[in-house]
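Number of protein chains: 4
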Amino acid sequence: MTANSIGERFRITSFGESHGRLVGVIVDGCPAGLLLSEKEVQAELDRRRPGMTSISTQRREEDRVEILSGLLRGFTTGAPICMMVWNREVDSSAYDRIRDTPRPGHADFTSWLKYGGFNDYRGGGRSSGRITAGFVAAGAVAKRLLVRLGIRVLAHTVQIGEVKAGDASIDEIERNLEKNSVRCADLAVAEAMEEEIRRAMREGDSVGGVIQCVASGVPAGLGEPVFDTLEGDIAKALFAIPAVKGVDFGSGFEGARLRGSRNNDPFIISEGRVRTLTNNAGGILGGISNGMPITCRVAIKPTPSISLPQRTVNLKTMSETQITIHGRHDPCVVPRAIPVVEAMVSIVLVDHSLRMGVLPVALRRAEG
Amino acid sequence: MTANSIGERFRITSFGESHGRLVGVIVDGCPAGLLLSEKEVQAELDRRRPGMTSISTQRREEDRVEILSGLLRGFTTGAPICMMVWNREVDSSAYDRIRDTPRPGHADFTSWLKYGGFNDYRGGGRSSGRITAGFVAAGAVAKRLLVRLGIRVLAHTVQIGEVKAGDASIDEIERNLEKNSVRCADLAVAEAMEEEIRRAMREGDSVGGVIQCVASGVPAGLGEPVFDTLEGDIAKALFAIPAVKGVDFGSGFEGARLRGSRNNDPFIISEGRVRTLTNNAGGILGGISNGMPITCRVAIKPTPSISLPQRTVNLKTMSETQITIHGRHDPCVVPRAIPVVEAMVSIVLVDHSLRMGVLPVALRRAEG
Amino acid sequence: MTANSIGERFRITSFGESHGRLVGVIVDGCPAGLLLSEKEVQAELDRRRPGMTSISTQRREEDRVEILSGLLRGFTTGAPICMMVWNREVDSSAYDRIRDTPRPGHADFTSWLKYGGFNDYRGGGRSSGRITAGFVAAGAVAKRLLVRLGIRVLAHTVQIGEVKAGDASIDEIERNLEKNSVRCADLAVAEAMEEEIRRAMREGDSVGGVIQCVASGVPAGLGEPVFDTLEGDIAKALFAIPAVKGVDFGSGFEGARLRGSRNNDPFIISEGRVRTLTNNAGGILGGISNGMPITCRVAIKPTPSISLPQRTVNLKTMSETQITIHGRHDPCVVPRAIPVVEAMVSIVLVDHSLRMGVLPVALRRAEG
Amino acid sequence: MTANSIGERFRITSFGESHGRLVGVIVDGCPAGLLLSEKEVQAELDRRRPGMTSISTQRREEDRVEILSGLLRGFTTGAPICMMVWNREVDSSAYDRIRDTPRPGHADFTSWLKYGGFNDYRGGGRSSGRITAGFVAAGAVAKRLLVRLGIRVLAHTVQIGEVKAGDASIDEIERNLEKNSVRCADLAVAEAMEEEIRRAMREGDSVGGVIQCVASGVPAGLGEPVFDTLEGDIAKALFAIPAVKGVDFGSGFEGARLRGSRNNDPFIISEGRVRTLTNNAGGILGGISNGMPITCRVAIKPTPSISLPQRTVNLKTMSETQITIHGRHDPCVVPRAIPVVEAMVSIVLVDHSLRMGVLPVALRRAEG
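Residue numbers (the working numbering), protein chains in the order written: chain Z, 1 to 368; chain X, 369 to 736; chain P, 737 to 1104; chain S, 1105 to 1472.
Listed below in structure tokens is the structure:
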């Protein structure tokens, strides 16, 4: 059960519950000497905040972060950084009945079973998407470190239900990412995606999608095969996000259809450095970054919380019954998952940068 | 770089090189009292062995396993189990030139860069598929343990290039798996898959595919969120297999297209136990097994080794050049990856069974 | 630097600083279903609190603990337990000058060097004894779990400066431990110990001592050789306590003088169980508990903070200078280290109980 | 039970049994580009080899090491290094009866209990001192790496039974260490120590002692508080050596008697660097190396194997009985433990050097 920490040299520990007093995170292993304030962390948290658009849940959380340790005069000290977001607008009354009648597609049943019925079931407890507020806070620290290495991590929506986006360059992603409520870089389809979500919403239903994440500026050499491959560590981190059910890299599942002659990326020399002409490998060969952008796709299942009545069981009486979920839920978590995906990828990249010695234990005074 | 171990309570450590003296594995954490012999391990290794069919490489490795520690009078002792396969038919001459001209799609370039040119490049060294012989040996031990829990892990080919198999029940998979050289449970398409591979082979090319893995009999409760989810740990283990570029669970990437009302699995009561009517979750909810079969899909890229000439660079002269790869290679690694996928999934399931206390530290004398 | 966590199945993560906003701890891996409240944790913290007797520092910390996660209706949920103690009476002004002139015997110099001068030096920052408040809080949870296994962990003072205590039975320790301010079970020498401390105090000096810890009721079988021996894991945990400079088990350094015939503990049968006649092994053979009480001794160095002037250097000017430390310090930390020693030993015992499956992942409803 | 690995960035995995086919070790995390051959490893193993002097066991093991992976053309490749020593002269017949009648002071009873009677009891199995041959082989690799950092690790005997050595400088230790069979740097008492051992031997008994280890040239900054302190990690590694029952650093247990004014090490400037005038801290402050030599003492219990009859129990009949141990045993393991202590300290120092980035992942071509 000791599984609320991830990372070897940059390790985050998650704590808190959806309807408990807070959600939080400890970041251990952040190099000393990084200029950091609540402002930068807050900016990332704001991107994850609910209630911002017509297509997200109306639960309004202020999600105000506090940094409670690991800082002195604005710089990280090398000590663990504790960050917390207090839960304010919590209404647990709606959750009383899910205690015995688990919601389909949720962790209610498995948590109840694993923890002998003692789990905090309110609002999904530890399995709630709200827990990712801590991931995002930790990711904000990671991103600050990546800036120093010239690494940029960007995620964007490439599919909502049946609506798929066309390819986008890194520049386009950066430019367009925040221009629409679905966070789709292909402006031509963004509206269709929004409509896909609204339609599901109107029908009391939900819809899934696919996120692509691109990390540019990643130096070659990160990743430690045979087991701590960059793919493996990124995938594991991403599967911690509720609703993620698939991860692939580069051409991924598409590449499985291809011939080797088409999928292999030819090596070329560009500006005096070894590059590849294409990037079907998603920037990773043999589990190690090759200097090209790292690209991965993340499959997000449709939000399990829907208003339509669903079949379920009563765990007390061990009989079948129905459940109708009330309350405020995102009809599609894809847009809000974008900053969480960025956070997890950033955290893994910092961890491997520290492992490789690309990032030092103490940064120089230079930053200020 | 200390990344050649995986698992917390059942930990395997991989060592050896493709063209070195051996490949091997240490299994640490196997409960004492398991009846084990080289015979059972050999049986799994034989499934991975090359040169068995017309569609695989003609490198003939006897792959004879030796168990060198951890056994006494046929039973495991609780001590680390060291298993080794000596390399016999090794011809490294063909690899001399890849030292400076990395093969596209291979780890040659990234390993060269990461290890300062000191890496064992012969036959791909540590990045060779041959390393997975150790995984399979460890997996054989894991499978023996899973038998005691009533867990059965089966993988089969569901796609080769453009050819896709239809759905198959667990019984069909078990019955048909070894009936054709592509290890496809859908006998109706197996031949078309074989032809797809032969066609690529004739053209000096290669082809990828998709493997599905099904673990039945898994008790509910395995998996440790938020970070050591069953999905995350299985995915990480699978990405250690060379050529794996994607992993999804249950409806996975397909599910991303669906509505919640269609993707959620209704809970039902069946034979007095809580089950789900469908299994779009792939047996995992909130990172914890729910008692349904665990299903995942693994994307295998086309073998990077092809006979067609390819663009690459000369690392010494930093100029562009061409490479033509000679030697014996699988035009498609999917069939031979099947036992490796089963091994990695089995290893993770044993690890989590030990974490949960479902498997004890010492088995009772009963087995013999 | 990611070194603020310890334990495999019962893992604690320490955070906070002596003069920061708080000190805290996350306990991950506590079985679900343990009845726990702030009251029990507070009781342990109170034992560590300064300012309670004439021989301890007059810094008065209320040390009020808050449990912020991991509990629902009084029971642990299986989720991480976050516990915090807010720092209240903090006066950092006295520490401004130690920034450049490190105190002899303290971590000021090494922390400054390791963290590039960014470390929180106020009050010793992360190296302060105050950090152990978090250890004690985690230890309180561990102790609650050990009660269920019938394990009792008691530490007591056996030496202050030159004054040594005589042997004490477990009953005597339990009965006398809190009867005097030095926490010495041998009431005959307690007063002499107190006088030893007062004398050092009067002279502006400090004094060290030795603590013995006894864990009774420990089942045989805990400990995982060859590396995760019970001795190794307990010792490592104890060395996290500032001022600890030595640890031995059973006859320890004394036993090194002995003959084998004298030091070996004969096996006997007692009440139908295998026991040993003597306990020179300190309850551990081959790194594994043998069912006898675990006994270890912990060497505590004299508090480095003394009022006498001391030689040191100025790190800015790189010249030699003198320092006189003002402020409130314990002339001897031995008595206050007692609950910390108990906490660390308890934490390791719970960790190994979980590893062995002696403690389950979820406790039964029984406790309430 | 997964406890046969130690180290985070330089991790060794131990395997093999005293009377099995071999003892071995995997070294994972050794930087690529280190010139290494069996010769250097053999040299260290020879120091540990039995049967070399009149005061050690007459079991004659050739202990010939083979390096089976991780090397190419004489240089490490960054891959795991597998090293093995085949067991040759094995006579297990003497051990048949210890299966049921555990030897006092040995791990026979606890291993039997922990592993359900399946443990390899022959010659002590995994608990035998013979396992440390693998530690020493790994230590030889570590020492080669430390040479590059200018770090020298030396251990020597400072006490045998009641005979204590006087202080010795690092130069004296280096010069005298191998001059006598007890490995005592104080030549004046070496003979008395030898006589102490011979006397115990003549009486069918054994004797313990104390080893001091000194690591010079250690850069300041190694060690990661609060839990991965240098003391904690060194102590944990040392407790993996059978017979070790105590570890202290610097003034250690002696320092517990002292006043702070006497135990604190004044800081001075020497040759432009911060040093301390004395070294009661043993080179470690706050868990971090301070640039002074690291000094620790290790208590070695008297060999539990003695010829005198001893009380024990019969585990099958659960009745009391006697045991007389025949066969070849060291009357004192202290001299042979010297290279093992050096190995463990070296391994921890390399691990922390890699953590701090003091050692890179790939060494430059320079060495050859």
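The beta carbon of each residue, even a glycine, is placed where N, CA and C say it ideally should be. Note that the coordinates shown come from a computational prediction; the quantities given were computed from them, not determined experimentally.
Cβ pair residue i, residue j closer than 9 Å
{"i": "LEU1463 (chain S)", "j": "LEU1253 (chain S)", "result": "yes"}
{"i": "LEU545 (chain X)", "j": "ALA553 (chain X)", "result": "yes"}
{"i": "PRO472 (chain X)", "j": "PRO266 (chain Z)", "result": "yes"}
{"i": "SER216 (chain Z)", "j": "ILE151 (chain Z)", "result": "yes"}
{"i": "ALA1360 (chain S)", "j": "PRO1038 (chain P)", "result": "yes"}
{"i": "ALA1098 (chain P)", "j": "ALA878 (chain P)", "result": "no"}
{"i": "GLY491 (chain X)", "j": "SER386 (chain X)", "result": "yes"}
{"i": "ARG1230 (chain S)", "j": "SER1215 (chain S)", "result": "yes"}
{"i": "SER675 (chain X)", "j": "GLY572 (chain X)", "result": "yes"}
{"i": "PRO838 (chain P)", "j": "ILE762 (chain P)", "result": "no"}
{"i": "VAL1286 (chain S)", "j": "LEU1453 (chain S)", "result": "no"}
{"i": "GLY957 (chain P)", "j": "MET1092 (chain P)", "result": "yes"}
{"i": "ALA667 (chain X)", "j": "GLY252 (chain Z)", "result": "yes"}
{"i": "TYR1219 (chain S)", "j": "GLY401 (chain X)", "result": "yes"}
Residue i at chain Z interface by Cβ criterion, 9 Å
{"i": "TYR851 (chain P)", "result": "yes"}
{"i": "THR749 (chain P)", "result": "yes"}
{"i": "GLY1376 (chain S)", "result": "no"}
{"i": "LEU727 (chain X)", "result": "no"}
{"i": "GLU540 (chain X)", "result": "no"}
Distance cut-off 8 Å: residue i Cβ against heavy atoms of the ligand ZN
{"i": "LEU758 (chain P)", "result": "Only the bare structure without any ligand can be found here, which leaves the ligand ZN out of the picture."}
Inter-residue CB distance, residue i and residue j (contact presumed, cutoff 8 Å)
{"i": "GLY1182 (chain S)", "j": "THR370 (chain X)", "result": "GLY1182 (chain S) to THR370 (chain X), Cβ: 11 Å. No contact."}
{"i": "LEU1126 (chain S)", "j": "LEU481 (chain X)", "result": "Between LEU481 (chain X) and LEU1126 (chain S) the Cβ distance is about 35 Å, and since that is not below 8 Å, they are no contact."}
{"i": "VAL701 (chain X)", "j": "GLY497 (chain X)", "result": "6 Å"}
{"i": "GLY1124 (chain S)", "j": "ASN1191 (chain S)", "result": "7 Å"}
{"i": "GLU1142 (chain S)", "j": "GLU1170 (chain S)", "result": "7 Å"}
Proximity test, Cβ basis, 9 Å: residue i and chain S
{"i": "ILE449 (chain X)", "result": "yes"}
{"i": "ALA1102 (chain P)", "result": "A caution first: ALA1102 (chain P) carries a pLDDT of 40, below 50, which makes its placement in the model unreliable, though a value can still be read off. Taking Cβ atoms only, chain S never reaches closer than 9 Å to ALA1102 (chain P), which makes this a no."}
{"i": "LYS879 (chain P)", "result": "no"}
{"i": "PHE219 (chain Z)", "result": "For clarity, residue 219 (chain Z) is Pro in the given sequence; the question names Phe instead. With 9 Å as the cut-off, PRO219 (chain Z) does not count as an interface residue toward chain S."}
{"i": "ASN1015 (chain P)", "result": "no"}
{"i": "ILE1030 (chain P)", "result": "no"}
CB contact below 9 Å: residue i versus chain X
{"i": "LEU1085 (chain P)", "result": "no"}
{"i": "LYS316 (chain Z)", "result": "no"}
Minimum Cβ-Cβ distance from residue i to chain P less than 9 Å
{"i": "GLU1328 (chain S)", "result": "yes"}
{"i": "ARG1113 (chain S)", "result": "no"}
#### Entry: Touching by the beta-carbon criterion (3+ pairs, under 8 Å), the segment 593–609 of chain X and the segment 651–667 of chain X
These segments touch.
### Query
Just by C-beta distance, which residues in the segment 921–945 of chain P are closer than 9 Å to chain S?
Hits within the stretch, in order: ALA936, GLU939, GLY940, ASP941, SER942, VAL943, GLY944, GLY945.
### Task
Could you tell me whether the segment 607–615 of chain X touches the segment 225–244 of chain Z, where touching means 3 or more Cβ pairs closer than 8 Å?
Counting Cβ pairs under 8 Å, three or more are found: they touch.
### Query
How do the segment 304–316 of chain Z and the segment 267–284 of chain Z stand: do at least 3 beta-carbon pairs fall below 8 Å, yes or no?
The segment 304–316 of chain Z, when compared against the segment 267–284 of chain Z, does not touch it at the 8 Å Cβ threshold.
### Query
Do the segment 1426–1443 of chain S and the segment 1025–1032 of chain P meet, that is, are 3 or more Cβ pairs less than 8 Å apart?
Counting Cβ pairs under 8 Å, fewer than three are found: no touch.
### Query
Using a beta-carbon distance cut-off of less than 7 Å, what residues from the segment 689–720 of chain X approach chain P?
Listed by position, the residues of the segment 689–720 of chain X near chain P (Cβ gap below 7 Å) amount to none.
### Message
Taking contact to mean 3 or more Cβ pairs, one atom from each stretch, closer than 8 Å, check whether the segment 891–909 of chain P and the segment 937–954 of chain P are in contact.
### Response
Verdict: yes, contact present.
### Query
According to a CB-to-CB cut-off of less than 9 Å, which residues of the segment 750–768 of chain P neighbour chain Z?
In summary, the residues of the segment 750–768 of chain P whose CB is separated from some CB of chain Z by less than 9 Å are SER750, PHE751, GLY752, GLU753, GLY756, ARG757, LEU758, VAL759, GLY760, ILE762, ASP764, GLY765, CYS766, PRO767, ALA768, in the order they occur in the chain.
### Message
If the cut-off is 9 Å on Cβ atoms, which residues from the segment 94–113 of chain Z count as contacting chain X, listed in chain order?
### Response
Residues THR101, PRO102, ARG103, PRO104, GLY105, HIS106, ALA107, ASP108, PHE109, THR110, SER111, LEU113.
### Query
Are at least three pairs of beta-carbons, each pair with one atom in the segment 271–278 of chain Z and one in the segment 186–193 of chain Z, less than 8 Å apart?
The segment 271–278 of chain Z is not in contact with the segment 186–193 of chain Z.
### Task
Identify each residue in the segment 1228–1260 of chain S for which the Cβ-Cβ distance to at least one residue of chain P is less than 8 Å, and report them in chain order.
Close to chain P, meaning a Cβ-Cβ distance shorter than 8 Å, are the following residues of the segment 1228–1260 of chain S: ARG1230, SER1231, ILE1235.
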